[in-house]
Each structure stands twice: as C-alpha cells, then as structure tokens.
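Residue numbers (this note's numbering): 822 to 1106.
Yeah, the Cβ is synthetic: ideal placement off N, Cα and C, and Gly gets one too.
Predicted model only: the values in this text are computed from it and were never measured.
Shown next, in structure tokens, is the structure this report addresses.
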Ligand code: PAF
C-alpha cells in the first residue's frame, strides 16, 4: 500500500491509474478504523480495480471543539488494517494540505441546497456539521474522482446529504451505502465506541434492542406510539441523554405518521451516553 500526504502526489498517482482505465473505489474515513470501515474497503475491492482510502479528521464538521480533540486517532493500527485488507493507496493529508487558507471554516466551501435534510435530526443537533462534511467530501471527490464511493449506512443522513451533493454538483461517482456492522451484542460499530467507559459500554446495546423492538412492533402498531416507546425507553435509561428518536421517510428523512406514508421508512436515533455521542438507525420497511 502506498501512503501519500499531498494533493499533487495523489493526483499524479491517480493519473497513472486512470491512464490504465482502471475503476477507482474510494473509502473516505476519519481513521480509528474498525471492522465496519474494513467491510467498506473489502466491498470496494470486490467492485473496483484500485482502492483508495483517505484518513482525515476533518475539523470543519465538528461543531464541538472537545469532540474534535477527543476523537480517537490510531494511524499506525489503521495503516496495518488497510494493508491487510488490500487497500492500494492511503491518502492521509495534514490539515494545512486540505485547508491551506488561514481559516479552514471559510476556505473551499461549495454550496449545496439540502432542503429538508438541513433541518432535521443531525442537522438540527449539530449546526454546521453537514456543511463541513460537504466541504471535505467535495474536496476529496475533486482530488480522487472515484468511480464508486463507499459510506456506512450508520450515518444515514450523511449518505442522503452526499447523494444530494453529488446530484447538485454533478459528480459522476456512484454512492454505495453499505450495511452497518454490529458488535455481538448489537451495538453499531463506531470509532467513538472506544471512548465509552466500561459501565456505559454495557448500557449501549439498549439502542439496538430498542430499534429492533420498534421494527418488530411496526408490523402491527401505529408509528406515533412506537416513536413514543423509543423516546421513553431511551430517554429514561440511566446515563443516556436522548437527542432524538425519529421515524422518518428514508428518502427525505421527513417525519411520517403511517407505514403507508413512504416506500421506505427508517427509525433514527442519537443520544449521549456519558460524554460520548452515539447514533444508529434501522430500516423498518
Ligand atoms: O463518515 C465519516 O467518517 C466522515 O464524515 C467523512 C465522510 C469521512 C467526511 O469527513
């Protein structure tokens, strides 16, 4: 695996790959890789001749400076995992490489109209977060110009935002959303899980348990009562501070009242467990 740190080096290397007309699979990450990330690399490997991963903890998508500071960083372990998974190229730029201006928050910003996606769930709880995601992912797409790009479905709204961005900015990359990988007790794999205290780690599977119960009950109970159930169960759990439990149209992420309101419906949740913010979701239909 080749590791590069600068955009000119990356572009030069990619020019060689493109000359050979090879398809490029791209997995953008913020590092602290876990088996969920590695499943994206493996899928990219199955579907493309060359696989590129980026590791960049993007400061502009963190609305909380403490969250940015605490975000786990394990570059040596990440490189080892990527090498073993068969990744061909790792792009690991420094902040100055991606944001050479004085202030990362104002440079290189592309405008995307997110419509309702800008007003619900993650967008509401984390002002500016998706602007930061668009800023970095568009910049990475400009550098890599991938054939296919791979994202985890755990970040359900992020995938919807990136699809909207691709459409509006005219990128040609296909966006492939891949299933969430879970620990044996159901907790969705996330780089942030290592930050949980042992006590909180034991409490965390309640999120998956509640989502699974709601999915089962969705066959026979009205959605508003299920939403209440989810909100009460997670909102009242010791140590958990619920931000939202929302049942929504999986395409628009707008709230729905009945299973007949949309072709696909998703339950999304975000909460703080101790000091760690966790999100998860489950397709109900
Ligand atoms: O999902 C993530 O890890 C990040 O939001 C992404 C897509 C790599 C952009 O920084």
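1. Can we say the region 855-863 touches the region 893-906, given the rule of at least three CB pairs closer than 8 Å?
2. Quick one: give me the first and last residue of the alpha helix (DSSP H) that residue 916 is part of.
3. So, residue 1056 versus residue 1033, is the Cβ gap smaller than 9 Å?
4. Going by DSSP, name the residue or residues bridged to residue 875.
5. Can you find the residues in the same chain that come closer than 7 Å, C-beta to C-beta, to residue 985, ignoring five residues on each side of it along the sequence?
6. Mind the definition here: the region 975-991 touches the region 828-843 only if three or more C-beta pairs lie below 8 Å; say whether that holds.
7. With a threshold of 8 Å (Cβ to nearest heavy atom), would residue 1001 be considered close to the ligand PAF?
8. Closer than 8 Å: is that where the CB of residue 851 sits relative to any heavy atom of the ligand MN?
9. Taking Cβ to Cβ, would you say residue 978 is nearer than 9 Å to residue 944?
10. Beta carbon of residue 973: closer than 8 Å to some heavy atom of the ligand PAF?
11. Give me, in chain order, the residues of the same chain whose beta-carbon lies closer than 7 Å to that of residue 1063; leave out the 5 immediate sequence neighbours on both sides.
12. Locate the beta strand (DSSP E) running through residue 1101, then write down its first and last residues.
Working from what's here:
1. yes
2. Unbroken alpha helix (DSSP H) run through residue 916: 916-919.
3. no
4. 849 and 912
5. 933, 935 and 938
6. no
7. Because no heavy atom of the ligand PAF lies under 8 Å away, the Cβ of residue 1001 does not count as near it: no.
8. No copy of the ligand MN appears in this structure; the ligands present are the ligand PAF.
9. yes
10. yes
11. Excluding residues within five positions, the ones whose Cβ falls inside 7 Å are 1052, 1055, 1056 and 1092.
12. 1097-1104
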